[in-house]
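Residue numbers for the sequence shown follow this note's numbering, so the first one is 33 and each next one is one higher.
For reference, the structure discussed in these notes is given below.
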Amino acid sequence: MVKGGHLMLAKAEDYLAWPNGKLKTFSAIRCQGVETHGTGCTYSAAICAGLAMGLSLEKAVGKGKKFITRAIRGHLTLGRYTPLNHLEA
């Protein structure tokens, strides 16, 4: 798993690589102007939750990507801070 969130491209793309060379891309439109500190921890926790529910790794990453994207898009504005909104996701 390689996260591409810090690349500052139009899309936030993450990559899941398999030992056989297969590569799966998970993509979402980047949300501008949101402080994304802590997204990696939230993303990995969402993936772990999916695995604990019996999802395949690929499905767990896909659901994790959707969860973290919703948490970023639904961010809160607290003064000059924009924390993730885990409850919105």
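Where a beta carbon is used, it is the ideal one built from N, C-alpha and C, also for glycine.
Keep in mind that this is a model prediction, so the values were computed, not measured.
Review point. Can at least three beta-carbon pairs, one atom from the stretch 77-87 and one from the stretch 39-53, be found at a separation below 8 Å?
Key: The count of Cβ pairs closer than 8 Å, one atom from the stretch 77-87 and one from the stretch 39-53, stays below three, leaving the stretches out of contact.
Point to revise | Cβ-based neighbour list, K95, same chain, cut-off 6 Å, excluding 5 preceding and 5 following | key: Numbered from 1 along the sequence shown, position 63 holds the residue referred to as residue 95. Excluding residues within five positions, the ones whose Cβ falls inside 6 Å are G82.
Check your understanding: Could you give the residue range of the beta strand (DSSP E) that holds E90?
Key -> The residue labelled residue 90 in the question sits at position 58 within the sequence shown. Counting along the chain, E90 falls outside any beta strand (DSSP E), though it belongs to the alpha helix (DSSP H) covering L89 to R105.
Exercise for review: Give a yes or no on whether 8 Å exceeds the smallest Cβ distance from C80 to chain D.
Suggested key: Going by chain labels, chain D is absent from the structure shown, which holds only one protein chain.
Check your understanding: CB D46 to CB K54, shorter than 8 Å?
Key -> Position 14 of the sequence shown, counted from the start, is the residue given in the question as residue 46. Position 22 of the sequence shown, counted from the start, is the residue given in the question as residue 54. No, they are not a contact pair.
**Study point:** Continuous beta strand (DSSP E) assignments of at least 3 residues falling wholly in the stretch 37-91
**Key:** When DSSP assignments are scanned along the stretch 37-91, the uninterrupted stretches of beta strand (DSSP E) that are 3 or more residues long and fall wholly within it turn out to be 43-49 and 55-61.
Review point. Are there 16 or more other CB atoms within 10 angstroms of the CB of Y113, so buried, or fewer, so exposed?
Key: Position 81 of the sequence shown, counting from 1, holds the residue named residue 113. So Y113 ends up on the exposed side.
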